[in-house]
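**Student:** Chains A and B are the protein sequences, given in the same order. So the first sequence is residues 1 to 269, counted in my numbering. So the second sequence is residues 1001 to 1240, counted in my numbering. We treat Cβ as the ideally placed atom computed from N, Cα and C, and that holds for glycine.
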Amino acid sequence: MLLDWFTIAAQALNFLILVWLMKRFLYRPILQAIDTREKLIAKELAEAEAKRAEAKKERDDFQQRNEAFDRQRADLLSKAEAEVKVQRQQWLDAARQAADELTAKRQTALQTDARNLNEAILIRTRQEVFSIARKVLTDLATAKLEERMSEVFTRRLRELPADQKATLGDALKKSAEPAVVRTAFELATGSRAAIQNALNETFSAEIRVRFETAPDLVGGIELTAGGQLAGWNIAEYLADMEKRLAELLSAKAATVAQTMAPSPALKSA
Amino acid sequence: MRLSPDGLVFWQHGFIKLNGTIVFTWGIMLALTAGAILVTRKLSTDLKRSRWQNLLEIVVTGIVTQIAGVGLKHPEKYLGFLGTLFLFVAVAAAGTVIPGYEPPTGSLSTTAALALCVFVAVPLFGIEEQGVRGYLATYTKPTVIMLPFNIISELSRTLALAVRLFGNMMSGAMIIAILLTITPFIFPVVMTLLGLLTGMVQAYIFSILAAVYIAAAVRTHPAKAPGDVAKEKTTQPTKG
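#1: Using the Cα positions of Thr202/A and Arg158/A, report the straight-line distance between them to the nearest angstrom.
#2: CA-CA distance, Ser1050/B and Ser1044/B?
#3: What are the boundary residues of the alpha helix (DSSP H) that includes Ile221/A?
#4: Using 8 angstroms as the Cβ pair cut-off and three pairs as the minimum, do the segment 106-121 of chain A and the segment 225-239 of chain A touch?
#5: What does Gly1062/B touch in chain A if you count any residue whose Cβ is under 9 angstroms from its own?
#6: Just to confirm the assignment: which complete alpha helix (DSSP H) runs, minimum length 4, are found wholly within the segment 1130-1209 of chain B?
#7: Just checking: is the beta-carbon of Leu45/A within a distance shorter than 8 angstroms of some beta-carbon in chain B?
#8: Could you give the residue range of the beta strand (DSSP E) that holds Phe211/A?
#9: For the candidate residues Thr1181/B, Gly1199/B, Ser1171/B, Ala1115/B, whose alpha-carbon lies nearest to that of Thr1158/B?
#10: Taking 8 angstroms as the CB-CB limit, is Leu71/A close to chain B?
#11: Since Gly1083/B sits in a beta bridge, which residues does DSSP pair it with?
#12: Determine the closest residue to Pro166/A out of Ala205/A, Thr142/A, Asp240/A, with distance taken between C-alpha atoms.
#13: Applying the 10 Å Cβ sphere with the 16-neighbour rule, what's the burial state of Thr1183/B?
#14: Please say whether Phe1125/B and Ala1034/B have beta carbons closer to each other than 8 angstroms?
#15: Listing by chain order, which chain B residues have their CB less than 9 angstroms from the CB of Ala33/A?
#16: Between Arg270/A and Phe1187/B, what straight-line distance do the alpha-carbon atoms span, to the nearest angstrom?
#17: Helix, strand or coil for Ala230/A, going by three-state DSSP, please let me know.
#18: Is Ala1173/B buried or exposed, if buried means 16 or more other CB atoms sit within 10 Å of its CB?
#19: Does the segment 1099-1118 of chain B come close enough to the segment 1162-1177 of chain B that 3 or more CB-CB pairs lie under 8 angstroms?
#20: Buried or exposed: Thr255/A, going by 16 or more other Cβ atoms within 10 Å of its Cβ?
#21: Specify the secondary structure class of Lys1017/B as computed by DSSP and reduced to three states.
#22: Checking contacts by CB at 8 angstroms: is Ala1036/B closer than that to chain A?
#23: So with CB distances below 8 angstroms, who are the chain A contacts of Phe1081/B?
#24: Going along the segment 1097-1122 of chain B in order, which residues come within less than 8 angstroms of chain A, judged by CB to CB distance?
#25: Check whether the Cβ atoms of Ala1121/B and Phe15/A lie closer than 8 angstroms to each other.
#26: Around the C-beta of Gly1014/B, are 16 or more other C-beta atoms found within 10 angstroms, so that it is buried, or is it exposed?
#27: Drop a sphere of 10 angstroms on the beta-carbon of Ala1230/B, count the other beta-carbons inside from all chains shown, and report buried for 16 or more, exposed for fewer.
#28: Residues of the segment 1015-1027 of chain B with a CB closer than 8 angstroms to any CB of chain A: list them in chain order, please.
#29: Measuring straight from C-alpha to C-alpha, what distance separates Glu147/A and Ala109/A?
#30: Got a sec: is the Cβ-Cβ distance from Leu2/A to anything in chain B below 8 angstroms?
#31: Looking at the structure shown, is Phe185/A part of a helix, part of a strand, or coil, going by DSSP?
#32: Let me know the secondary structure DSSP gives Ala235/A once reduced to three states.
#33: If you drop the 5 nearest sequence neighbours on each side, which residues of the same chain put their C-beta closer than 6 angstroms to that of Arg208/A?
#34: Nearest-angstrom Cα distance between Ala239/A and Asn200/A?
#35: At a Cβ threshold of 8 angstroms, is Phe6/A touching chain B?
#36: When you compare each of Phe1119/B, Met1191/B, Trp1052/B to Ala1210/B by their alpha carbons, which one comes out closest?
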């Protein structure tokens, strides 16, 4: 018997059971695994693609930034060079100007020093000269010289110009006080008498005279009457001469200061 | 001489009996299920996977590709039925390398049961896809005159399925048995190899034919007569 109905039924049932078993244990897990893997691969591919795109973007970004940086650096470099050039020029100018100013100042200082020294020397010389002259004349001045001076005095009194003579005469005559004759040394009696005579003769009147001694006159003789002064002495000469010399020196110093002042040409050099 | 493992009866009670066909079928079921469980127990979903998983993936994706090649739009839906047909027939044939084993597909009862399953499954899939009316209407295509021929075709192809597989498997086992009595050495081995080959071919033919029948049943657009398409496609594998 080739066909057995029980076996057919049993085999059909067996087959259906096997179908269920295979579905449960083979097809479903395997297909699921494949699906999962395919999804994973797709995901990884997508991720890789995204990463590549990102990397490309970053590379582009980096390149751009690099170029920008290069440009900026070049700009900054050229700018810095220009700035340095300008600054250098400025500093050079400033240094030159400072040097010029220093030179000018030093010159001025030197000139001032020289002037001061000159002035000091002049003043000292003047002082020395006058001190020597004064000393020499003081040494030389004696009673004899005084006598000689009184002679000169009397002569000059007699040779006085007319207007001066009148003024002095008026003063002598109107003054209640006696006229004062001052000399550096005590006059000899003879000299006193000669002066008295000369006065009397010159002014044609009895002139009251009082004789005084004044050592600061160095040498010489002077007549004071009613505010009028007539006389002749060395101290006056010396003072007069010193005064003139001082005037001369100050005038010269002023001229020198003017010429020594820094000229504009010197400044710009 | 025993033609099929049906004759090998282990236990019987009335019409209920435990013959070789059922026992060997259970063995195949056990082996397939145990193997599937063993391999799929630790499936990896990332890029690295075990060799056995690779093998099973190749088998499953290969079956899916074949089903899709026949023209079914959602191969995963039919994978359970068609894939199990192929695996069962193939493993039944491959088991012949084990001494003392007799393939359950060498029993007409088994092949008839499988053919009956196909006979029932085809209209079920067709109705699921097109509805009862739509499916029944396919029997009257291209004209109502074709209705009896279509019905005859439906029955005859089921019979053909059952007998073709039975004949091939039974003859293979029979030839080896006969040869063993004549030339016990070498030649039976060659014939066993040939039997393995024909077993694989038959497994392929059986499942592909079932796929073609299902594809014809679920085809919704009536441009071509489903029966004609089925016949066209059936002729090619049966020759091989």
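**Tutor:** For this structure:
#1: 6 angstroms
#2: 8 angstroms
#3: Not the alpha helix (DSSP H): Ile221/A falls in the beta strand (DSSP E), residues 220-225.
#4: no
#5: Going along chain A, no residue has its Cβ under 9 angstroms from Gly1062/B, so there is no contact; the nearest lies around 11 angstroms.
#6: 1147-1182
#7: no
#8: 209-213
#9: Ala1115/B
#10: The displayed chain sequence assigns Arg, not Leu, to residue 71/A. No, Arg71/A does not count as interfacial toward chain B.
#11: None, per the DSSP bridge assignment.
#12: Note on residue identity: the sequence assigns Ala, not Pro, to residue 166/A. Answer by Cα proximity: Ala205/A.
#13: exposed
#14: no
#15: Thr1040, Leu1043, Ser1044, Thr1045, Arg1049, Gln1053, Glu1057
#16: As shown, chain A starts at 1 and ends at 269. That puts residue 270/A outside it, with no answer to give.
#17: strand
#18: buried
#19: yes
#20: exposed
#21: strand
#22: yes
#23: Val19
#24: Pro1104, Ser1107, Leu1108, Ser1109, Thr1110, Ala1112, Ala1113, Leu1114, Leu1116, Cys1117
#25: no
#26: exposed
#27: Model confidence at Ala1230/B stands at a pLDDT of 48, short of 50, so the residue's coordinates are unreliable; what they give is reported in the following sentence. So Ala1230/B counts as buried.
#28: Phe1015, Ile1016, Lys1017, Asn1019, Thr1021, Ile1022, Thr1025, Trp1026
#29: 55 angstroms
#30: yes
#31: coil
#32: helix
#33: Pro178
#34: 31 angstroms
#35: yes
#36: Phe1119/B
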